[in-house]
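Worksheet: one structure, shown below.
2 protein chains.
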Amino acid sequence: MATIRPITTRRSQALHRIRPGGGPDDRTRWQQRKSSMTREAILEAAVDSLVDTGYAGLSTNDVARRAGVSRGAMHHHFASRADLVEGLIEHVFYHRMRQFLDDFLARLKQAPTGEDPYRMAMELHWRSVQSREYGAFLRLAVAARSDEALAAIFTPAARLYDEIWLGEMHHAFPQWREAPELMRIANDVTQAVHAGLQINGATWGDARMAAVLERAAILVEDLAREARG
Amino acid sequence: MATIRPITTRRSQALHRIRPGGGPDDRTRWQQRKSSMTREAILEAAVDSLVDTGYAGLSTNDVARRAGVSRGAMHHHFASRADLVEGLIEHVFYHRMRQFLDDFLARLKQAPTGEDPYRMAMELHWRSVQSREYGAFLRLAVAARSDEALAAIFTPAARLYDEIWLGEMHHAFPQWREAPELMRIANDVTQAVHAGLQINGATWGDARMAAVLERAAILVEDLAREARG
DNA sequence: GAGATAACCGGCAACCCTGCCTGTTTTATT
DNA sequence: AATAAAACAGGCAGGGTTGCCGGTTATCTC
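Those protein sequence lines, which keep their order, are chains W and U.
Position one of the first sequence corresponds to residue 1 (the numbering used here), numbered consecutively onward.
Position one of the second sequence corresponds to residue 1001 (the numbering used here), numbered consecutively onward.
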């Protein structure tokens, strides 16, 4: 049983443990450093390509073009399209989560005493679903519904990050410790509503979106009240 | 201002008004009839192709193959991929809505007095988002987020059907007449949650999905209470 | 400094998709 | 019955994508 330490000293260590290989901040070997930089460039371009053209439209050619990298280099880092997709999934999950958690933990640390932490978290999550990475996530999630090969990579990754995510929430909101299932519901409802709004938002317009967001916030507050007593 | 008639005599006339051209049930001219039958077959195959391969992967070739139709016939009915997409969008919206409204109005008519109509409607909607047509809708909605040409066709169609949909709900639940915006929120929350669950469901599993569905149902009942007084 | 190794380059063959275009068969009109 | 028109068939060129492979350059190791 892991001891629960204050979040301010943790800075989402679970995420760091997950991250494979040394990032671009490896100073000793220039070759490896440059290599991992082009790798990152390729993955960033892959996110763009995925968001622009969709999963089926994602082509190694297009990605190499966008990244300003030769097809040879592309093939060196990712031998096949499947390899690229695998790296892409990792990349998308990691960066989206990292972005949210960094923002979240930072604001939790320096929060004004009056601020409602649930509203704050929901607002940050809402911002995170508007990111490029979430666009990529949506593409992948929808494609995985009917592509078994993709699902075989995507679903386990999604489950892993979901687990880490819930763990972080658990640490961030110790008030819910007596009712973890209520917190999980609050989390799931938030994510579901935000995902749904990303799907239907363009049709409904800002006003209707805002109304739904507000109701979701109230629901989470209700759950928090329920958890306290 | 249109007079409000009992739904049982209406059977979603608005939908019939929308539907372009005579369907396959045109008995006079065999040529036209057969033509519209292959057209339907093509569109059905297009739904399959869209769900299987995604919007970018949707190819006229593949659709013709699935429909068991020559490329010539394909080209005759839909001169370009864009034409096919246009027809496909119409087809998907129409059939999904038609399916839901038919089921909904039928069950409303013969509802046992004890049945909660909101739960019933939500259950039917949940079933409808599990349909093939909703899978196609998801593909299109996600693709339209970054494809302007697609969005130019998709968004107006989505708005039109949304309007008809809300109109039908309005007729079906006259109890909300005093608070139409609350009913709209109930509708939007339901659709958003169900969409979000279609995105995240594979990751979360059935138990978590059920919990979210239950909370959404409670929220809708709260809104109904609020609307009554 | 020299060999080993990793990073990168761009061409080739096979395949698929699109849009167009020329025929052929089936149905409608008169 | 004859002409018009709609429905359908399938080939062709142009372009894009994939996976692979031989060659080149930069970096690491000893």
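Positions of the beta carbon are idealized from the N, C-alpha and C atoms, including for glycine.
What you are looking at is a predicted structure, and each value in this text was computed from that prediction instead of being measured.
For residue j and residue i, the rounded distance between their alpha carbons
{"i": "Tyr55 (chain W)", "j": "Ala143 (chain W)", "result": "7 angstroms"}
{"i": "Arg71 (chain W)", "j": "Ala46 (chain W)", "result": "14 angstroms"}
{"i": "Asp1162 (chain U)", "j": "Pro174 (chain W)", "result": "41 angstroms"}
{"i": "Arg139 (chain W)", "j": "Leu1105 (chain U)", "result": "34 angstroms"}
{"i": "Leu150 (chain W)", "j": "His77 (chain W)", "result": "20 angstroms"}
{"i": "Ser1128 (chain U)", "j": "Ser35 (chain W)", "result": "48 angstroms"}
{"i": "Gly1135 (chain U)", "j": "Thr1155 (chain U)", "result": "17 angstroms"}
{"i": "His75 (chain W)", "j": "Val92 (chain W)", "result": "20 angstroms"}
{"i": "Ala210 (chain W)", "j": "Asp83 (chain W)", "result": "40 angstroms"}
{"i": "Asp147 (chain W)", "j": "Ala1141 (chain U)", "result": "18 angstroms"}
{"i": "Gln191 (chain W)", "j": "Leu1101 (chain U)", "result": "28 angstroms"}
{"i": "Arg1027 (chain U)", "j": "Tyr1094 (chain U)", "result": "Because Arg1027 (chain U) sits at a pLDDT of 40, beneath the cut-off of 50, its placement in the model cannot be relied upon, and the following sentence gives the value as read from the coordinates. If I take the Cα positions, the gap works out to 22 angstroms."}
{"i": "Ala121 (chain W)", "j": "Ala1158 (chain U)", "result": "31 angstroms"}
{"i": "Ala1224 (chain U)", "j": "Tyr1118 (chain U)", "result": "9 angstroms"}
{"i": "Phe1137 (chain U)", "j": "Gln1198 (chain U)", "result": "12 angstroms"}
{"i": "Leu1124 (chain U)", "j": "Asp1103 (chain U)", "result": "8 angstroms"}
{"i": "Asp222 (chain W)", "j": "Asp116 (chain W)", "result": "13 angstroms"}
{"i": "Arg145 (chain W)", "j": "Gly1229 (chain U)", "result": "42 angstroms"}
{"i": "Ala64 (chain W)", "j": "Val1063 (chain U)", "result": "30 angstroms"}
{"i": "Ser1073 (chain U)", "j": "Ala202 (chain W)", "result": "It is worth fixing the name first, because residue 1073 (chain U) is Ala in this sequence and not Ser. Ala1073 (chain U) and Ala202 (chain W): Cα-Cα distance of roughly 35 angstroms."}
{"i": "Glu1214 (chain U)", "j": "Glu1133 (chain U)", "result": "24 angstroms"}
{"i": "Trp126 (chain W)", "j": "Glu1044 (chain U)", "result": "36 angstroms"}
{"i": "Ala216 (chain W)", "j": "Ala1216 (chain U)", "result": "9 angstroms"}
Counted within 10 angstroms of its Cβ, other Cβ atoms place residue i as buried (16 or more) or exposed
{"i": "His67 (chain W)", "result": "In the sequence on display, residue 67 (chain W) carries Ala and not His. It is buried - the Cβ of Ala67 (chain W) has at least 16 other Cβ atoms within 10 Å."}
{"i": "Thr1053 (chain U)", "result": "buried"}
{"i": "Ser49 (chain W)", "result": "buried"}
{"i": "Leu182 (chain W)", "result": "buried"}
{"i": "Leu1160 (chain U)", "result": "exposed"}
{"i": "Ile89 (chain W)", "result": "buried"}
{"i": "Asn1200 (chain U)", "result": "buried"}
{"i": "Leu113 (chain W)", "result": "Before going on, a small fix: residue 113 (chain W) reads as Thr here, not Leu. The residue is exposed, with fewer than 16 neighbouring Cβ atoms inside 10 Å."}
{"i": "Ala79 (chain W)", "result": "exposed"}
{"i": "Ala207 (chain W)", "result": "exposed"}
{"i": "Glu1178 (chain U)", "result": "exposed"}
Cβ shell of residue i (< 7 angstroms), same chain only, five flanking positions each side left out
{"i": "Val69 (chain W)", "result": "Thr38, Ala41 and Ile42"}
{"i": "Leu166 (chain W)", "result": "Arg184 and Asn187"}
{"i": "Arg81 (chain W)", "result": "Thr60"}
{"i": "Met169 (chain W)", "result": "Met183 and Asn187"}
{"i": "Leu219 (chain W)", "result": "Val189"}
{"i": "Val1212 (chain U)", "result": "Val1193 and Leu1197"}
Whole-Å CB distance - residue i paired with residue j, under 8 angstroms assumed
{"i": "Trp176 (chain W)", "j": "Ala227 (chain W)", "result": "5 angstroms"}
{"i": "Ile256 (chain W)", "j": "Glu86 (chain W)", "result": "Since the first and last residues shown for chain W are 1 and 229, residue 256 (chain W) lies out of range."}
{"i": "Ala172 (chain W)", "j": "Gly1196 (chain U)", "result": "Incorrect: roughly 22 angstroms between the Cβ atoms, too far for contact."}
Cutoff 8 angstroms; reference residue i; Cβ partners in own chain excluding five residues on either side
{"i": "Ser131 (chain W)", "result": "Arg96 and Gln99"}
{"i": "Pro1180 (chain U)", "result": "His1170"}
Closer than 7 angstroms: residue i CB and nearest the ligand NAP heavy atom
{"i": "Val1142 (chain U)", "result": "Questions concerning the ligand NAP fall outside what the structure shown contains, since it holds no ligand whatsoever."}
Residues of its chain near residue i, where Cβ-Cβ distance is below 6 angstroms and the 5 sequence neighbours each way are ignored
{"i": "Arg1058 (chain U)", "result": "Looking at the sequence provided, one finds Leu at residue 1058 (chain U) rather than Arg. If we look at Leu1058 (chain U) and ignore the five residues flanking it on each side, its Cβ neighbours are Ser1049 and Leu1050."}
**Item:** Positions along the stretch 36-64 of chain W whose CB lies within less than 9 angstroms of some CB in chain U
**Value:** Residues of the stretch 36-64 of chain W with a C-beta atom less than 9 angstroms from some C-beta of chain U are Val51, Asp52, Thr53, Gly54, Tyr55, Ala56, Gly57 and Leu58, listed in chain order.
**Item:** Short-range partners of chain U found in the stretch 120-131 of chain W, where Cβ spacing is below 8 angstroms
**Value:** Using a CB distance below 8 angstroms, no part of the stretch 120-131 of chain W faces chain U.
**Prompt:** Between the stretch 1066-1086 of chain U and chain W, which residues of the former have CB atoms less than 7 angstroms from a CB of the latter, in chain order?
**Reply:** Contacts with chain W (Cβ-Cβ distance below 7 angstroms) from the stretch 1066-1086 of chain U involve no residue at all.
**Request:** Using a Cβ-Cβ cut-off of less than 9 angstroms, list which residues of the stretch 1130-1153 of chain U approach chain W; keep chain order.
**Result:** The stretch 1130-1153 of chain U vs chain W, Cβ under 9 angstroms: Gly1135, Phe1137, Leu1138, Arg1139, Ala1141, Val1142, Ala1143, Ala1144, Arg1145, Ser1146, Asp1147 and Ala1151.
**Message:** By the 7 angstroms beta-carbon criterion, what residues does the stretch 197-215 of chain W contribute toward chain U?
**Reply:** Answer set for the stretch 197-215 of chain W: Leu197, Ile199, Asn200, Ala202, Thr203, Trp204, Arg208, Ala211, Val212 and Arg215.
**Message:** Please identify, using Cβ separations under 8 angstroms, the residues of the stretch 85-106 of chain W that lie next to chain U, in order along the chain.
**Reply:** Against chain U - using a Cβ distance shorter than 8 angstroms - the stretch 85-106 of chain W contributes no residues.
**Proximal residues, the stretch 176-194 of chain W versus chain U, C-beta separation under 8 angstroms** = Within the stretch 176-194 of chain W, the residues whose Cβ lies closer than 8 angstroms to some Cβ of chain U are Glu181, Arg184, Ile185, Asp188, Val189, Gln191, Ala192, Val193 and His194, listed in chain order.
**Message:** Against chain W, which members of the stretch 1155-1167 of chain U pass a CB distance test of less than 8 angstroms?
**Reply:** The residues in question are Thr1155, Ala1158, Arg1159 and Asp1162.
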